[in-house]
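In the numbering used here, the protein residues as written are 9 to 452.
See the structure below:
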């Protein structure tokens, strides 16, 4: 079905928006503790055409490589009389069709924020993927909100729109989602690297990716509930580590509690983020942190986490040391990576350029090793990293498991035609070994 056929009975104005998915190149495994994260846009682009309806029905069609039904659902009961979201109905919508759940969450939060009546939508989605679980959900949410803003003549300022998109996605998730990925989808530009300092949302100026260099991602499908639960335990472990460090250095419990309630961390030690601790400071002052701490022990002694989205469970043993040290070193790696990438030797300076590429790759491998030490990798990702290591010198230089909100993806640094061919060869091998479908994407 083409878009004209889809909108044949809707004469209201149509609004078109497109948003790229994004790939975190470095730092994305430590955004939970305030690290610098480097993003680049992927070739996957979500385009939508949206028209307001005169009722409260969401009607959705997705143009993709396989048949996708014309799906519609009434959302009149989604917004309750007190202008809050009916979570039960939203869960039912999401269970019926996840993409429609994203659209519904966006329109209801938009209605609440702008204090306007809840209205239905016709949404025509153009996506290169026929697998909803591998679509960049952040890109879809941002495209929907951009179109809604245009249709309602609403002007968002600063980070309002990506934060609203993030809140919509968070409504659909049982697990804590980082804000950085949604910010990145909003701000990334083809051919550029986007630095975001996750404290919590400091977006820096983009810089050009050196000519001839590229980043590819091999996507291995959605994370399991077990992976997402473990990921949240790591977030909690890092927050426990920060509390222990703060109390050790004289912060009062009520100061931590105030920061948790207000969200303002500026007056806390290291501005409230582990990533502001240097590796030397950690090695000299905080190596006494225990490897693991049971939730019950922490709750008895303090129990205060600065991050209000996290909770401590008594019977869980939290990997405090590694969860604390990882973002401290990852932030430094991301900063060095950014600086070197911005000052890469030219292609005719072959020896210095190769050494620089090898250094970039080494930081990526170090990032993966540190992240895997938290138990957050998986056998397919580890196997893929090994394949890249075995093909060093053939146009590929480094790889790491990225930290997409809900996907398992490995980012690979490559250069030139040889690197492109090597990645294609690795992808073919991994595709044959993998127990579930995987996909390959390149940056724009």
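Where is the CB? At the ideal position from N, CA and C, for every residue including glycine.
With 16 or more other Cβ atoms from the protein chains shown falling within 10 Å of its own Cβ, residue 406 counts as buried.
Around residue 383, the same chain offers 238 as residues with beta carbons nearer than 7 Å, after the five sequence neighbours per side are excluded. Taking C-alpha positions only, residue 300 is separated from residue 290 by approximately 17 Å.
Of the candidates 353, 397, 390, 397 places its Cα closest to the Cα of residue 369. Counting only the Cα atoms, residue 422 lies some 16 Å from residue 47. Boundaries for residue 102: no beta strand (DSSP E) harbours it, while the alpha helix (DSSP H) harbouring it runs 95-104, taken from the DSSP string. Cα atoms of residue 132 and residue 109: separation of roughly 15 Å, rounded to the nearest angstrom. In the DSSP assignment, no residue is bridged to residue 303. DSSP places residue 184 in the coil class of the three-state scheme, outside both helix and strand.
Per DSSP, residue 217 has no beta bridge partner at all. Here residue 285 carries a coil assignment [DSSP, helix/strand/coil]. Unbroken alpha helix (DSSP H) runs of no fewer than 4 residues, entirely contained in the stretch 346-434, are found at 358-380, 387-398, following chain order. Under the DSSP assignment, residue 124 falls outside any beta strand (DSSP E); it carries neither an H nor an E label. Around the beta carbon of residue 234, fewer than 16 other beta carbons sit within 10 angstroms, so the residue counts as exposed.
A check of alpha carbon separations from residue 333 across 122, 216, 377, 395 identifies 377 as the nearest. Per DSSP, residue 41 is not a residue of any beta strand (DSSP E), being assigned neither H nor E. Distance from the Cα of residue 22 is smallest, within the candidate group 56, 391, 309, for 56. The C-beta separation of residue 297 from residue 329 comes to about 5 Å, placing the pair in contact by the 8 Å criterion.
Partner residues in a beta bridge of residue 280, as assigned by DSSP, do not exist.
When the Cα atoms are used, residue 373 and residue 228 turn out to be separated by approximately 19 Å. The alpha carbon of residue 217 has as its nearest neighbour, out of 19, 354, 264, 442, the alpha carbon of 354.
Look at residue 244 here: in three-state DSSP terms it is helix.
DSSP, reduced to helix, strand and coil, places residue 47 within a strand of the structure shown.
In the DSSP annotation of this structure, the continuous segment of the alpha helix (DSSP H) that includes residue 151 starts and ends at 145-159. It is roughly 15 Å from the alpha-carbon of residue 278 to the alpha-carbon of residue 337. Under the three-state reduction of DSSP, residue 294 is assigned to coil, being neither helix nor strand. Counting along the chain, residue 171 sits inside the alpha helix (DSSP H) bounded by residues 168-179. For residue 424, same chain residues with a beta-carbon under 8 Å away, outside a window of 5 residues either side, are 220, 403 in chain order. Shortest Cα-Cα distance from residue 191 to any of 181, 199, 212 involves 212. The beta-carbon separation of residue 49 and residue 449, rounded to 10 Å, does not stay under the 8 Å limit for a contact. Within the same chain, Cβ atoms closer than 8 Å to the Cβ of residue 361 are found at 352, 353, 354, 355, the five residues on either side in sequence being excluded. Beta-bridge analysis with DSSP links residue 224 to 420, 450.
Annotation for residue 70: the continuous beta strand (DSSP E) segment containing it runs 65-71.
By the 16-neighbour rule on beta-carbons within 10 angstroms, residue 257 is exposed. In the DSSP assignment, residue 266 falls within the alpha helix (DSSP H) that extends over 261-270.
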